[in-house]
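Under my numbering, the first residue of the sequence shown carries the number 1, and numbering increases by one thereafter.
Each remark here refers to the structure printed beneath this line.
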Amino acid sequence: MLDSESHSRWICIKHRPTTSTLITIPTTRLSYDFPTFFLSNTRSTANKLDEISVTITNNKYDIAIITGSWLSSNITNDLINIPAFLIIRKDRCDDQRVGGLCTYIRNTLDFLELKDLSHPDIESQWFLIKPKRLPRGIDAIVIASVYHPPQNNNRTLRNHLFESLDNALANFLNAGIVLLGGL
1 MLDSESHSRW ICIKHRPTTS TLITIPTTRL SYDFPTFFLS NTRSTANKLD
51 EISVTITNNK YDIAIITGSW LSSNITNDLI NIPAFLIIRK DRCDDQRVGG
101 LCTYIRNTLD FLELKDLSHP DIESQWFLIK PKRLPRGIDA IVIASVYHPP
151 QNNNRTLRNH LFESLDNALA NFLNAGIVLL GGL
């Protein structure tokens, strides 16, 4: 009778151990479900939508942050729709042509917009996503997208970011944080 010893990756039969007696047992390594990001300052989303859509789709991005979206209330979501993505916009309140944020989030991701972390005078969007599998100790991801026009006050932006990050860390203790944008 042959004596065998079992290991996680292979079995070695002790009677004449040669390479022909080693049996490989396949193992499955679980990967993390960390989202992929696309960031672009498009300086007008509507007239570049085909290029944005192809880039996001072909590269299989999960979240696309568009700064300088130049969207206004006259441009409906139907005109800038990308299949399999949800659109969350922050247009300039006075319908200015420049600035603005537009975030596309794959419709298979669970997310919540954290409007309480936004500031009316700062172009920022904050989201909480909960992918199915993250590294141990991280149970969610807080995502912030920010557009900071050159003429705006740096101190106001800095204060907003520090305050919002402090609030995010206090409210979502085990969350990773991703900050993207045109700063």
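For each residue, glycine too, the CB sits at the ideal point set by N, CA and C.
Please say whether residue j and residue i have beta carbons closer to each other than 7 Å?
{"i": "D62", "j": "R106", "result": "yes"}
{"i": "G176", "j": "T67", "result": "no"}
{"i": "D116", "j": "K130", "result": "no"}
{"i": "S73", "j": "G100", "result": "no"}
{"i": "R89", "j": "L112", "result": "no"}
{"i": "L39", "j": "I75", "result": "no"}
{"i": "R133", "j": "D33", "result": "yes"}
{"i": "T103", "j": "Q125", "result": "yes"}
Go ahead and pull the three-state DSSP assignment for residue i.
{"i": "L49", "result": "helix"}
{"i": "H119", "result": "coil"}
{"i": "F162", "result": "helix"}
{"i": "V54", "result": "helix"}
{"i": "T42", "result": "coil"}
{"i": "T156", "result": "helix"}
{"i": "L169", "result": "helix"}
{"i": "I75", "result": "coil"}
{"i": "I138", "result": "coil"}
Going by DSSP, which residues form a beta bridge with residue i?
{"i": "E113", "result": "F127"}
{"i": "V98", "result": "DSSP, once it has assigned bridges, lists no residue as partnering V98."}
{"i": "K90", "result": "L101"}
{"i": "R106", "result": "F85"}
{"i": "S31", "result": "S31 is not bridged to any residue."}
{"i": "T67", "result": "N41 and L101"}
{"i": "Y147", "result": "E123 and G182"}
{"i": "I177", "result": "V142"}
Between residue i and residue j, what straight-line distance do the alpha-carbon atoms span, to the nearest angstrom?
{"i": "I143", "j": "I56", "result": "18 Å"}
{"i": "K60", "j": "F37", "result": "9 Å"}
{"i": "N159", "j": "V54", "result": "37 Å"}
{"i": "D50", "j": "D91", "result": "20 Å"}
{"i": "V98", "j": "D78", "result": "20 Å"}
{"i": "N164", "j": "S118", "result": "One detail in the question is off: residue 164 reads as Ser in this sequence, not Asn. Taking the straight line from one Cα to the other gives about 7 Å."}
{"i": "N41", "j": "I80", "result": "16 Å"}
{"i": "T156", "j": "L179", "result": "17 Å"}
{"i": "E123", "j": "A168", "result": "17 Å"}
{"i": "A170", "j": "P120", "result": "21 Å"}
{"i": "L183", "j": "P83", "result": "29 Å"}
{"i": "N174", "j": "I141", "result": "9 Å"}
{"i": "I52", "j": "C93", "result": "24 Å"}
For a test of your reading of the model: does the CB of residue i fall under 6 Å from any non-hydrogen atom of the ligand ZN? Yes or no.
{"i": "I138", "result": "Although the ligand ZN was asked about, the structure shown includes no ligands whatsoever."}
Subject >> Contact between the region 31-51 and the region 148-157 (3+ Cβ pairs under 8 Å) >> reply: no
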